[in-house]
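Read the structure below first, then the notes.
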Amino acid sequence: MANLVNDNIEFDDNDFEEAWSNAPKLINKDINDFKLCFICKFHMNKKNIINGDLSWNIFIINLKTISLEKNNFIAVHQNCMELRPKLDCTKLVKKIKQSAWMFDENYYK
Ligand SMILES: [Zn+2]
Numbered sequence: 001m002a003n004l005v006n007d008n009i010e011f012d013d014n015d016f017e018e019a020w021s022n023a024p025k026l027i028n029k030d031i032n033d034f035k036l037c038f039i040c041k042f043h044m045n046k047k048n049i050i051n052g053d054l055s056w057n058i059f060i061i062n063l064k065t066i067s068l069e070k071n072n073f074i075a076v077h078q079n080c081m082e083l084r085p086k087l088d089c090t091k092l093v094k095k096i097k098q099s100a101w102m103f104d105e106n107y108y109k
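In case it helps, full-length UniProt numbering puts the sequence shown at residues 1 to 109.
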């Protein structure tokens, strides 16, 4: 469970798992390998937390009413953390999860 310490949120392993499970899935990839970053619509690599190729971090979906509930966490690229589209991205995340997303195989060619 995340903790608020001196205005910084400290996450534990379980929070990272929850954030990952909350990210939109790719219909042609295992959810334990890749998921979609809802901000840039490109895939993230589960192995690379915070560092590495297509690495990700925990993004707080709703900053209007900050809650440290696990359903307020979602994985996004480390590089997309600052590209927040809205203070409250709840509706946007919901909308993106309603679509079917595919892994772009051309990326590694
Ligand atoms: Zn991204």
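For glycine and all other residues, C-beta sits at the position ideal for the given N, C-alpha and C.
So, are the CB atoms of A75 and C37 less than 9 Å apart?
yes
Residues sharing a beta bridge with A75, DSSP
I58
L87 burial status per 10 Å Cβ neighbour count (16 or more: buried):
exposed
Once the 5 residues before and after I27 are set aside, which same chain residues still bring their CB inside 8 Å of it?
A100, W101 and M102
Opposite V5 in the DSSP bridges: which residues?
N8
What does the Cβ neighbour count give for N8, buried or exposed, with the cut at 16 atoms within 10 Å?
exposed
Counting pairs of beta carbons, one from the segment 10-29 and one from the segment 38-58, are three or more of them closer than 8 Å?
yes
Using a 10 Å radius around the Cβ and a threshold of 16 neighbouring Cβ atoms, would you call V5 buried or exposed?
exposed
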